[in-house]
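Trainee: Have a look at the structure that comes next, please.
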Amino acid sequence: MSDDDRITPLPDGDEDLSSPAAAPPAAGDEALRATVRDLPEVRSSLRARRPRVQPSRGVIAGLAVGLLGAVAIAPIEHRALGGSADLGAIWAAWSLMLALGAAIGCVLALAEWLVARLRSRPLVTAAVRAACCLPVLIPVARHLFDGAFASTLPGASTAFIWVPLLGWAGLTLAFWPGGRWLQYPRPDTVGRAPPKGAALPLFIRRRRVIAFALGLGAVACEYVNRTFLRSEYPDLHTMLVVGACGAAGLSLWLGFTRPWRYDQVERRAPVAQGRALALAGLISAVMAVVANLVACVSLGLRDPDTRFVVATQGMHTRLLARVVRGLVDGDGDGHSPALGGADCDDTDPQVHPEAREIIGNDVDEDCDGYVAREDLAAALAQADEVAARKQGQWRDEPEVREFLRRTAPMNLVLISIDALRADVLADSPENRAEYPRLFQLFAESTVFTRAFAPSAGTDLSLSGILTGRIDPFTHVDKTLAEALHDAGRVAHGVIPSEVLRYAGKTLLTRGLHSHDRLVNDAGQRDIGSYSTSARTTSLGLAFLDQRQQAADQGAASPFYLWLHYFDVHEHDEVDGGDRSLRRVLANPNPRLGRREKYRAMLRLVDEQIGALIDQLVARQLWDKTLVVIVSDHGEGLGEDPRLPDNHGRVLYNPLIHVPLVIRIPGAPGGLATDPVSVLDVTPTLLDLAGAEPLPGVDGRSLLPHLVPGAPGELRPRGRPLILNESDQYGVIAWPYKLLVRPGDNLTELYDLSGDFGERNNLAESAPRRVGELMQYYHAAPHVELDRSSRGRRLRERNAAAPGE
């Protein structure tokens, strides 16, 4: 019999059953331990008497745990991909999951091999095993607190240090007693397996209890991963994938494998031979998984439809593909050709999907498959100059000058409703009945039916509304409020605290004479559990009272009042028992779905906007006040797997198609169907107020849409509207809309005139159109959308007024 057959398998501290050297410790040894246990030389002598631990069993256990976990979790991901998944998506899903299992198995096998070789104390053994978490915790900790809310938590700046250390220490303390609970019985208590029907030994029952707990942990990881914040914190979700795989594998191993020590004592040779075969089989399986992964990395996810399914319906596949692409990125530009990635030259960091195309150099810098020959952006700029000259000539016409002379002294009320989709206010009997005050206002206003936000997040979009810039995060010379202040208006804002916190107080309050910080999360930070629409209106009316008092004292001047209603944004968080919410519902104890509650919160806003209008009428200000209603972005309500849980990340129409309504006293209302941007609000209001236009704005005045009889040539329909989000960028040049998701190498082109739901992707059939729209995008200002705490601090510094 070989040495390998006589040694003890894991866990640590066990002695061999069949070897005579493994007899129970002599009484002298016990006395020696009791009397001189603190002498180092004695401890060393006793430790040397321990039989050598068998490394092969730990290696087998580690490899088996990883692969078993992958086999257990992969079918769940297979099912999540849905019936639309082709063989390419299924191949990628299984390849990546098995590769993850093999990686987990190799790390565990290495740890168990070290434990066996070191023959260390139980605490050190637990620490070695717990160190397996560090390859996951260290990269996750670097970005764990990058989210808008998470980055404000205590310790976020040092998380890359304390998160791995805390995780490692916590697992060490968990593994320390765990190893003892799983420890096999001593050789003097084991002979043969108990007969059928006999009670299982305690250590077997412990194994099964722990296996059951680990199984529940794997299920919990899967549930949390697929249910909560699916589109946020990709590193954290990746860690949960690893955790689910490891927990599932350990559960299966502990629950269904028979401990080798439980074998009959005289059958050690067959056990050793079976162990050798098992080890050889597992190593072969790992090598096969690696070979398959290499093939999948090179050949997988080549089809755009396959990548689309993975990006919109997959969870683990999408996350693991992101990890693999990052690991094999050869030039460090953040992109890779692996798994159908978009980098067409992984040796040149200047060539990648987000690079700017250089006209006429025969190089496809942005990897869109189209080498630009004509400078369409320059041609567009020339056309804009011509259009600006024509509009200037038109503005000098008598009827236009009279129109502007009449609007210049009017008050301005800007109402922004956070997270309001345009389709919720589509003209229908149901909507007219639910939102009577808004539709009453629409009847005497110009309603822009194709208005788009530049982003699906409040920070970029709201800042753009107030500056007219595609990139409001660079230095801005003057904001809307500052320009109106210079034109003689008293400016006031009512702004929720959460908006000030994340969109940037410095920029949003520049030019305001005063502002009210409406605390929308008094109970718990960033959790708006109560409605605030009534309070928003009340604070706005308090400002009107102040202006009335100033007018009574002979200091009358036109005002600019900005009210930001936040209840629709908080539809997921406001408590169903909120007093205001219950009042607008027919059912006093509602159990509302997301869409129903979303609409209910809009009813609160509708009610309060009506109360504001009533007060403007009562104060005889209604005929002297311009009113603008706009939203900063839309909302995902669970109707489309492409959409996030709420908003941000991507740029599909439910997230960026928003209401834009302008009411001018005495001007006829109507529908404006030309595509416009909410960035147009600032130049439009400055025109109507008679203020000086701001240089460098990207928005355009909508005056030709507001003055009756304006020439149609002053309203170009094909004007590019630039879109930016963290996972996707795009451009709308009506009727086409281009969306590019560089991380997933997904390019989408839609004809919105007949496909506003964005279902029929034309990108493959119209590569030239894709290339032209890409030129428009790259000619626009580049937006650095960093929503981490570091990015917000930089934005705050950049937002300071010149000279401050």
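According to our numbering, the sequence shown is numbered sequentially starting from 194.
The beta carbon of each residue, even a glycine, is placed where N, CA and C say it ideally should be.
1) Cα-Cα, which of Tyr-416, Tyr-426, Leu-407 and Val-252 is closest to Ala-334?
2) CA-CA distance, Pro-204 and Val-321?
3) Using a Cβ-Cβ cutoff of less than 8 Å, which residues in the same chain neighbour Gly-448 once the five nearest sequence positions on both sides are dropped?
4) Looking at Pro-960: is its Cβ nearer than 8 Å to the Cβ of Gly-562?
5) Tell me, please, whether the segment 867 to 882 touches the segment 661 to 669 by the rule of three or more beta-carbon pairs shorter than 8 Å.
6) Please report the residue range of the beta strand (DSSP E) in which Asp-709 lies.
7) Measure the Cβ-Cβ separation of Ala-285 and Gly-493 and say whether it is below 8 Å.
8) Can the beta-carbon of Val-593 be found less than 8 Å from the beta-carbon of Leu-795?
9) Applying the 10 Å Cβ sphere with the 16-neighbour rule, what's the burial state of Ser-621?
10) Starting from the Cα of Asp-768, find the closest Cα among Gly-733, Leu-754 and Gly-721 and give me that residue.
11) At which residues does the alpha helix (DSSP H) containing His-685 begin and terminate?
12) If we count the other Cβ atoms within 10 Å of its Cβ and call it buried at 16 or more, is Val-976 buried or exposed?
13) Quick one: Cα of Asn-991 to Cα of Gly-697, how far?
14) Do the segment 264 to 282 and the segment 507 to 521 touch if we need at least three Cβ pairs shorter than 8 Å?
15) With a threshold of 7 Å on Cβ separation, who are the neighbours of Leu-422 within its own chain once the five nearest residues in sequence on each side are excluded?
16) What's the call for Gln-968, buried or exposed, on a 16-neighbour Cβ count within 10 Å?
17) Excluding sequence positions up to five away, which residues of its chain have a Cβ less than 6 Å from the Cβ of Met-194?
18) Go to Gly-577, then tell me how far its alpha helix (DSSP H) extends in each direction, as first and last residue.
19) Measuring only the C-alpha atoms, how far is Val-435 from Ala-514?
20) If distances are taken between C-alpha atoms only, which option among Val-487, Gly-704, Glu-691 and Leu-914 comes closest to Ala-674?
21) Using CA atoms only, rank isn't needed, just tell me which of Ser-919, Asp-670 and Pro-834 is closest to Val-890.
22) Which residues does DSSP pair with Ala-865 in a beta bridge?
23) Given this structure, state the Cα-to-Cα distance separating Tyr-628 from Leu-734, to the nearest angstrom.
24) Smallest Cα separation from Leu-844: which of Arg-518, Ser-707, Gln-921 and Pro-909?
25) Mind pulling the alpha helix (DSSP H) runs of 4 or more residues that sit fully within the segment 276 to 330?
26) Looking only at C-alpha atoms, which of Ser-707, Leu-711 and Arg-728 sits nearest to Arg-694?
27) Is the segment 573 to 590 close to the segment 797 to 817, with three or more CB pairs under 8 Å?
28) Specify whether the segment 596 to 611 and the segment 820 to 828 touch according to this definition: at least 3 beta carbon pairs, one from each stretch, less than 8 Å apart.
29) Within a Cβ cutoff of 7 Å, which residues of the same chain sit near Pro-542, ignoring the five residues on either side of it in sequence?
30) Would you mind reading off the limits of the beta strand (DSSP E) that contains Leu-754?
31) Pull up the DSSP beta-bridge partners for Asp-944, would you.
32) Taking only the alpha-carbon atoms, compute the straight-line gap between Ala-437 and Val-777 and give it to the nearest angstrom.
33) Mind the definition here: the segment 359 to 370 touches the segment 318 to 332 only if three or more C-beta pairs lie below 8 Å; say whether that holds.
34) Rounded to the nearest angstrom, what separates Ala-615 and Leu-853 at their Cα positions?
35) Here's the rule: buried if 16 or more other CB atoms are within 10 angstroms of the residue's CB, otherwise exposed. What is Trp-755?
36) Should Ser-707 be labelled buried (16 or more other beta-carbon atoms within 10 Å of its own) or exposed?
Mentor: By the coordinates alone:
1) Numbered from 1 along the sequence shown, position 141 holds the residue referred to as residue 334. Closest by alpha carbon: Tyr-426.
2) As a working note, residue 204 is residue 11 in the sequence shown. As a working note, residue 321 is residue 128 in the sequence shown. At Pro-204, the pLDDT of 40 sits below 50, so the modelled position is not reliable; the number obtained from the coordinates is stated separately. Pro-204 and Val-321: Cα-Cα distance of roughly 13 Å.
3) To locate residue 448, count along the sequence shown from 1; it is residue 255. Hits under 8 Å: Arg-400, Arg-401, Ala-404, Phe-405 and Gly-408.
4) What you label residue 960 is simply residue 767 of the sequence shown in a count that begins at 1. What you label residue 562 is simply residue 369 of the sequence shown in a count that begins at 1. Yes.
5) yes
6) On the sequence shown, position 516 is the one that residue 709 refers to. Its beta strand (DSSP E) spans residues 707 to 711.
7) The residue you call residue 285 lines up with position 92 of the sequence shown. The residue you call residue 493 lines up with position 300 of the sequence shown. Taking 8 Å as the Cβ cut-off, Ala-285 and Gly-493 qualify as a contacting pair.
8) Counting from one through the sequence shown, the residue named residue 593 turns up at place 400. Counting from one through the sequence shown, the residue named residue 795 turns up at place 602. No, the Cβ-Cβ distance between Val-593 and Leu-795 is not below 8 Å.
9) Taking the sequence shown and counting its residues from 1, the one referred to as residue 621 is at position 428. Burial call: exposed.
10) Position 575 of the sequence shown, counted from the start, is the residue given in the question as residue 768. The shortest Cα separation from Asp-768 among Gly-733, Leu-754 and Gly-721 belongs to Gly-721.
11) Position 492 of the sequence shown holds residue 685. That residue, His-685, is in no alpha helix (DSSP H); its beta strand (DSSP E) goes 683 to 689.
12) Counting from 1 along the sequence shown, the entry for residue 976 is found at position 783. Label assigned to Val-976: buried.
13) Taking the first residue of the sequence shown as 1, we reach residue 991 at position 798. Taking the first residue of the sequence shown as 1, we reach residue 697 at position 504. Rounded to the nearest angstrom, the gap between the Cα atoms of Asn-991 and Gly-697 is 10 Å.
14) yes
15) Taking the first residue of the sequence shown as position 1, residue 422 is located at position 229. The answer, listed in chain order, is Asp-838.
16) Position 775 of the sequence shown, counted from the first residue, corresponds to residue 968. Result: buried.
17) As a working note, residue 194 is residue 1 in the sequence shown. Low confidence applies here, because Met-194 scores a pLDDT of 37, under 50, leaving its location unreliable; read the following figure in that light. Here the set comprises nothing.
18) Residue 577 sits at position 384 when you count from the first residue of the sequence shown. Checking the sequence shown, residue 577 turns out to be Asp, not Gly. Its alpha helix (DSSP H) spans residues 569 to 588.
19) As a first step, residue 435 must be located in the sequence shown, where it is residue number 242. As a first step, residue 514 must be located in the sequence shown, where it is residue number 321. So the alpha carbons of these two residues sit roughly 14 Å apart.
20) Within the sequence shown, the letter at position 481 stands for residue 674. Considering only alpha carbons, the answer is Gly-704.
21) As a position in the sequence shown, residue 890 is number 697, starting the count at 1. Ranking Ser-919, Asp-670 and Pro-834 by Cα distance to Val-890 puts Asp-670 first.
22) If you number the sequence shown from 1, residue 865 lands on position 672. The partner list for Ala-865 (beta bridge, DSSP) reads Phe-641.
23) Counting from one through the sequence shown, the residue named residue 628 turns up at place 435. Counting from one through the sequence shown, the residue named residue 734 turns up at place 541. Going by the C-alpha atoms only, they are around 21 Å apart.
24) The residue labelled residue 844 in the question sits at position 651 within the sequence shown. Here the closest residue by C-alpha is Gln-921.
25) 280 to 311 and 315 to 323
26) Locating residue 694 in the sequence shown gives position 501, counting from the first residue. The option with the nearest alpha carbon to Arg-694 is Leu-711.
27) no
28) yes
29) Taking the first residue of the sequence shown as position 1, residue 542 is located at position 349. Correct list, in chain order: Asp-524, Gly-525 and Asp-526.
30) Here residue 754 corresponds to residue number 561 of the sequence shown, with the count starting at 1. Residues 752 to 758.
31) On the sequence shown, position 751 is the one that residue 944 refers to. DSSP, once it has assigned bridges, lists Tyr-929 as partnering Asp-944.
32) Taking the sequence shown and counting its residues from 1, the one referred to as residue 437 is at position 244. Taking the sequence shown and counting its residues from 1, the one referred to as residue 777 is at position 584. Their backbone Cα atoms lie some 44 Å apart in a straight line.
33) yes
34) In the sequence shown, counting from the first residue as 1, residue 615 sits at position 422. In the sequence shown, counting from the first residue as 1, residue 853 sits at position 660. If I take the Cα positions, the gap works out to 9 Å.
35) Counted from its first residue, the sequence shown places residue 755 at position 562. With 16 or more other Cβ atoms within 10 Å, it is buried.
36) As a first step, residue 707 is located in the sequence shown; it is residue number 514 there, counting from the start. Exposed is the call here.
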